[in-house]
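Residue 454 in full-length UniProt numbering sits at position 454 of the sequence shown, with consecutive numbering throughout.
Backbone N, C-alpha and C define an ideal beta-carbon position, used for all residues, glycine too.
From a predicted model like this one, the values you see are computed outputs, not experimental measurements.
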Amino acid sequence: MARRIRCAIYTRKSSEEGLDQDFNSLDAQHEACAAYATSQKAEGWVLIPTRYDDGGLSGGTLQRPALQRLLADIEAGLVDQIVVYKIDRLTRSLSDFAKIVDRLDAAGASFVSVTQSFNTATSMGRLTLNMLLSFAQFEREVTAERIRDKIAASKKKGLWMGGTVPFGYQPDGRSLKIDETEASIVRHIHDLYHDVGSVRAVAEHADELGYRTRLRSFATGTSTGGTRFSRGHIYQILTNPLYAGRIRHRDKTYDGQHPAIIDPAAWDTLQERLAAEAARSRGRPNAAERSPLVGKLFDEIGDRLTPSHSRKNGKRLRYYISRRLVTDRREKHADAWRLPARDLETGIARVLRDHLRKPTVVTDLVRDITASEVPDLQAKLRQIACDCDAEGAADLWAPLLRRADLAQGSILLRLDRKVMADRLGIAPDRIDSAARRIPASFQMQRRGVEARIILGAAVPQVDPVLAKNILTAQKWYAAIKAGASFGDLATREKTTSSRIQQMISLAFLAPDILDQVAAGSQPVAFTSEWFKRRQLPLEWDMQQRVFGNL
Numbered sequence: 001m002a003r004r005i006r007c008a009i010y011t012r013k014s015s016e017e018g019l020d021q022d023f024n025s026l027d028a029q030h031e032a033c034a035a036y037a038t039s040q041k042a043e044g045w046v047l048i049p050t051r052y053d054d055g056g057l058s059g060g061t062l063q064r065p066a067l068q069r070l071l072a073d074i075e076a077g078l079v080d081q082i083v084v085y086k087i088d089r090l091t092r093s094l095s096d097f098a099k100i101v102d103r104l105d106a107a108g109a110s111f112v113s114v115t116q117s118f119n120t121a122t123s124m125g126r127l128t129l130n131m132l133l134s135f136a137q138f139e140r141e142v143t144a145e146r147i148r149d150k151i152a153a154s155k156k157k158g159l160w161m162g163g164t165v166p167f168g169y170q171p172d173g174r175s176l177k178i179d180e181t182e183a184s185i186v187r188h189i190h191d192l193y194h195d196v197g198s199v200r201a202v203a204e205h206a207d208e209l210g211y212r213t214r215l216r217s218f219a220t221g222t223s224t225g226g227t228r229f230s231r232g233h234i235y236q237i238l239t240n241p242l243y244a245g246r247i248r249h250r251d252k253t254y255d256g257q258h259p260a261i262i263d264p265a266a267w268d269t270l271q272e273r274l275a276a277e278a279a280r281s282r283g284r285p286n287a288a289e290r291s292p293l294v295g296k297l298f299d300e301i302g303d304r305l306t307p308s309h310s311r312k313n314g315k316r317l318r319y320y321i322s323r324r325l326v327t328d329r330r331e332k333h334a335d336a337w338r339l340p341a342r343d344l345e346t347g348i349a350r351v352l353r354d355h356l357r358k359p360t361v362v363t364d365l366v367r368d369i370t371a372s373e374v375p376d377l378q379a380k381l382r383q384i385a386c387d388c389d390a391e392g393a394a395d396l397w398a399p400l401l402r403r404a405d406l407a408q409g410s411i412l413l414r415l416d417r418k419v420m421a422d423r424l425g426i427a428p429d430r431i432d433s434a435a436r437r438i439p440a441s442f443q444m445q446r447r448g449v450e451a452r453i454i455l456g457a458a459v460p461q462v463d464p465v466l467a468k469n470i471l472t473a474q475k476w477y478a479a480i481k482a483g484a485s486f487g488d489l490a491t492r493e494k495t496t497s498s499r500i501q502q503m504i505s506l507a508f509l510a511p512d513i514l515d516q517v518a519a520g521s522q523p524v525a526f527t528s529e530w531f532k533r534r535q536l537p538l539e540w541d542m543q544q545r546v547f548g549n550l
């Protein structure tokens, strides 16, 4: 008697078109697969009643509800075999297919394509399958390129290409029409900025006036919006060229076919004022003294880091310190943190920026994403990444961060689900929980008396003192070769003979060490101060050995 094989049928359709019909594409796939499974009854095939249908979802991602349920049931031992109409219904990605096969193998399960015969037990069968999947992936990528080209061409003509409808507008076919109720708020926000010259003050005035963002409801029954305008919202309204009757595509803007809410000339003037205000803000003490990460930082024992400051040479220096240093001053707390605020803020902003610029971040971060959503969401993520990169823009990126946990050697950033969803214009439950966690390396290093934070990939920094001393040592060595004595050279250079003898070894550094110093990629401990306490060997291979241990 044949072994009992429990079969589950999986169906998928990329678009939602026609799914409301009584008999749609998913039903047709299911019927064909069911007939095939019935024909294999003599082989022990038994069709389970549960349906696994994904309608309106791309095969380029594994984040599909029915597919995830099916894989979970396979791992739970409820299904022995997947039956699909065609292999591309399961996935159009070669890498995703490999992941599915690994999970099937681990569970002792397999799959069958009704219209394609495969014998994956042979090398030729596996080759044929991989070739078909490669073509399916190629087709998906070519289609994506065509969509991107179509979007670029349409935006160049000034067409609105869909996505989240901006506050102040309503959709009107391939264009937008003005929503006068919301447009009056947009105009007043622009007028307020002309009056007060501060995004923060505009947000406070808007809150006092009772202005609220648009309430958006979704088919899932969830909703977002209906909240006060944050500084990020205000900044977007002030800087979005859409309100000036223009369409933005990447770094270019084109005249749009929709009506403008703000006069284009007035909008251009406001952009110049925003840029000037940002430049002036960098010199203002109050603008530099804010601590945007307050309440968001925690050390490895869960103690919250609180803002602190000190004064040195008339300058006010900001820090984030472990709270126990403030609440319990009797103890030294050797394990507590005291971090330069500006360096930490810059490092976290850079980690967020780099993460949001990753090619796969949109599909990792947003659940159940469709092909039509990708361009709009990618554009919004690029804008958020630009906000992270902008000087003095902590008010824009800091709200994205819900929490940051510090430990020796690492930091874990957690994105705020609601804020991120609001910035992307989607329901909060579509933000993937795992993708909100951003781990990065974290180091505190010292160069002389200077403490330096390295978050994520270290940014090369040339040590100007070391570079200058190397050039001076080379000049001194040339003078000695020309016949000058140490005493004469010391008199001429207004230094001491011992100082010259101590530093002249810098003239004999190996060429590759010199290259690293010039690029700023040498070990942080490799400084001029290091040479005051030690002598570097003259042999280049010995230098490299010492250099590698720093």
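For residue 427, does the three-state DSSP call read helix, strand or coil?
Translated into positions along the sequence shown, residue 427 becomes position 427. Note: residue 427 maps to coil in three-state DSSP.
Exposed or buried, which one is residue 320 when buried takes at least 16 other CB atoms within 10 Å?
Start at 1 with the first residue of the sequence shown, and residue 320 comes out as number 320. When all chains shown are included, residue 320 counts as buried.
DSSP three-state label for residue 170, please.
The residue you call residue 170 lines up with position 170 of the sequence shown. Shown here, residue 170 sits in a strand according to DSSP, grouped into three states.
CA-to-CA distance, residue 13 to residue 121, given in whole angstroms:
Looking up residue 121 in the sequence shown gives position 121. Looking up residue 13 in the sequence shown gives position 13. Its pLDDT being 43, under 50, residue 121 is placed unreliably by the model, and nothing is read from it.
Please go through the same chain and pick out, in chain order, the residues whose beta-carbon is closer than 6 Å to the beta-carbon of residue 176, but skip the five residues on each side of it.
Stepping through the sequence shown from its first residue, residue 176 is reached at position 176. Setting aside the 5 residues that flank it on each side, residue 176 is surrounded in the same chain by 160, 169, 258, each with a C-beta closer than 6 Å to its C-beta; the list follows chain order.
Roughly how far, in whole angstroms, is the beta-carbon of residue 114 from the beta-carbon of residue 36, given that I think they are within contact range, below 8 Å?
On the sequence shown, position 114 is the one that residue 114 refers to. On the sequence shown, position 36 is the one that residue 36 refers to. Here residue 114 really is in contact with residue 36; their C-beta atoms are around 5 Å apart, less than 8 Å.
Taking residue 6 as the reference, give the member of 67, 304, 112 with the closest Cα.
The count along the sequence shown starts at 1 and reaches residue 6 at position 6. Between residue 6 and the set 67, 304, 112, the nearest pair of CA atoms involves 112.
Which of helix, strand or coil does DSSP assign to residue 370?
Position 370 of the sequence shown, counted from the start, is the residue given in the question as residue 370. For residue 370, the three-state secondary structure derived from DSSP is coil.
Which residues mark the beginning and the end of the alpha helix (DSSP H) in which residue 30 is found?
Taking the first residue of the sequence shown as position 1, residue 30 is located at position 30. First-last of the alpha helix (DSSP H) with residue 30: 25–39.
Start-to-end residues for the beta strand (DSSP E) that takes in residue 249
The residue labelled residue 249 in the question sits at position 249 within the sequence shown. Note, residue 249: beta strand (DSSP E), 246–249.
Can you list, in chain order, the stretches of the beta strand (DSSP E) that have 3 or more residues and sit fully within the segment 174–211?
You should have 175–178.
Please determine if the segment 63–83 and the segment 104–111 are in contact, where contact requires at least 3 C-beta pairs separated by less than 8 Å.
In this structure the segment 63–83 lies against the segment 104–111, because at least three pairs of beta carbons, one per stretch, are closer than 8 Å.
Can you tell me which of the three DSSP states residue 54 falls into?
As a first step, residue 54 must be located in the sequence shown, where it is residue number 54. Residue 54: strand per DSSP, three-state reduction.
Same chain only: Cβ atoms within 7 Å of residue 564, ignoring 5 sequence neighbours per side
Given that the chain is displayed from residue 1 to residue 550, the structure contains no residue 564 and the question cannot be resolved.
With a threshold of 8 Å on Cβ separation, who are the neighbours of residue 546 within its own chain once the five nearest residues in sequence on each side are excluded?
By 1-based counting over the sequence shown, the position of residue 546 is 546. For residue 546, the CB contacts under 8 Å within the same chain, skipping 5 residues up- and downstream, are 536, 537 in chain order.
From residue 551 to residue 223, what does the alpha carbon distance come to, in whole angstroms?
Nothing can be reported for residue 551, as the shown portion of the chain is limited to 1 through 550.
Here's the rule I'm using: 16 or more other beta-carbon atoms within 10 Å means buried, otherwise exposed. How should residue 439 be labelled?
Numbered from its first residue, the sequence shown carries residue 439 at position 439. By the Cβ-count criterion, residue 439 is exposed, with fewer than 16 other Cβ atoms from all chains shown falling within 10 Å of its own Cβ.
Helix, strand or coil: how does DSSP classify residue 409 here?
Mapped onto the sequence shown, residue 409 falls at position 409. DSSP places residue 409 in strand when its eight states are reduced to three.
Going by other Cβ atoms of all chains shown within 10 Å of its Cβ, with 16 needed for buried, is residue 134 buried or exposed?
Position 134 of the sequence shown, counted from the start, is the residue given in the question as residue 134. Exposed, since its Cβ has fewer than 16 Cβ neighbours within 10 Å.
Just the C-alpha distance for residue 317 and residue 336, rounded to the nearest angstrom, thanks.
Your numbering for residue 317 matches position 317 in the sequence shown. Your numbering for residue 336 matches position 336 in the sequence shown. In a straight line, the C-alpha of residue 317 is about 18 Å away from that of residue 336.
For residue 286, collect the residues of the same chain with a Cβ closer than 6 Å to its Cβ; drop the 5 residues on either side in sequence, then sort them by chain order.
As a working note, residue 286 is residue 286 in the sequence shown. With a pLDDT of 45 at residue 286, under the threshold of 50, the modelled position of that residue is not reliable, and the figure given next carries that caveat. So no residue of the chain qualifies.
In chain order, what residues of the same chain have a beta carbon less than 6 Å from the beta carbon of residue 57, not counting five sequence neighbours either side?
The count along the sequence shown starts at 1 and reaches residue 57 at position 57. Apart from sequence neighbours up to five positions away, the residues of its chain that approach residue 57 with a beta-carbon distance below 6 Å are 64, ordered along the chain.
Among the candidates 163, 85, 10, whose CA atom is the shortest distance from the CA of residue 32?
Position 32 of the sequence shown holds residue 32. Between residue 32 and the set 163, 85, 10, the nearest pair of CA atoms involves 85.
Euclidean distance between Cα positions of residue 489 and residue 340:
Taking the first residue of the sequence shown as position 1, residue 489 is located at position 489. Taking the first residue of the sequence shown as position 1, residue 340 is located at position 340. Per the coordinates, the alpha-carbon of residue 489 lies some 42 Å from the alpha-carbon of residue 340.
Which one or two residues does DSSP pair with residue 307 in a beta bridge?
Here residue 307 is taken as the residue at index 307 of the sequence shown, counted from 1. Note: residue 307 sits in a beta bridge opposite 320.
From what residue to what residue does the alpha helix (DSSP H) around residue 348 run?
On the sequence shown, position 348 is the one that residue 348 refers to. First-last of the alpha helix (DSSP H) with residue 348: 341–356.
Residue 351 burial status per 10 Å Cβ neighbour count (16 or more: buried)
Here residue 351 refers to the residue found at position 351 when the sequence shown is read from its first residue. Classification of residue 351: buried, given that the 10 Å Cβ count is 16 or more.
Using the rule of at least 16 other Cβ atoms within 10 Å of the residue's Cβ for burial, across every protein chain shown, is residue 313 buried or exposed?
Numbered from 1 along the sequence shown, position 313 holds the residue referred to as residue 313. Flag for residue 313 reads exposed.
Assuming residue 238 and residue 193 make a contact with CB atoms under 8 Å, what is their CB distance in whole Å?
Mapped onto the sequence shown, residue 238 falls at position 238. Mapped onto the sequence shown, residue 193 falls at position 193. About 6 Å; that satisfies the 8 Å criterion.
Answer yes or no: do residue 163 and residue 405 have a C-beta to C-beta separation smaller than 7 Å?
If you number the sequence shown from 1, residue 163 lands on position 163. If you number the sequence shown from 1, residue 405 lands on position 405. No, Cβ-Cβ distance for residue 163 and residue 405 is not below 7 Å.
Count the other CB atoms within 10 Å of the CB of residue 97; is the residue buried (16 or more) or exposed (fewer)?
As a working note, residue 97 is residue 97 in the sequence shown. Flag for residue 97 reads buried.
Of the choices 198, 219, 230, whose alpha-carbon is the least far from that of residue 212?
The residue you call residue 212 lines up with position 212 of the sequence shown. Comparing Cα positions, the closest option is 230.
Where does the unbroken alpha helix (DSSP H) through residue 486 begin, and where does it stop?
Mapped onto the sequence shown, residue 486 falls at position 486. Element bounds for residue 486: 486–493.
Rounded to the nearest angstrom, what separates residue 554 and residue 396 at their Cα positions?
Nothing can be reported for residue 554: it is not among the residues displayed for the chain, which extend from 1 to 550.
So the alpha helix (DSSP H) residue 397 belongs to, where does it begin and stop?
Taking the first residue of the sequence shown as 1, we reach residue 397 at position 397. Bounds of the alpha helix (DSSP H) holding residue 397 are 394–397.
For residue 10, which of 345, 91, 302 has the nearest alpha-carbon?
In the sequence shown, the residue the question calls residue 10 occupies position 10. The shortest Cα separation from residue 10 among 345, 91, 302 belongs to 91.
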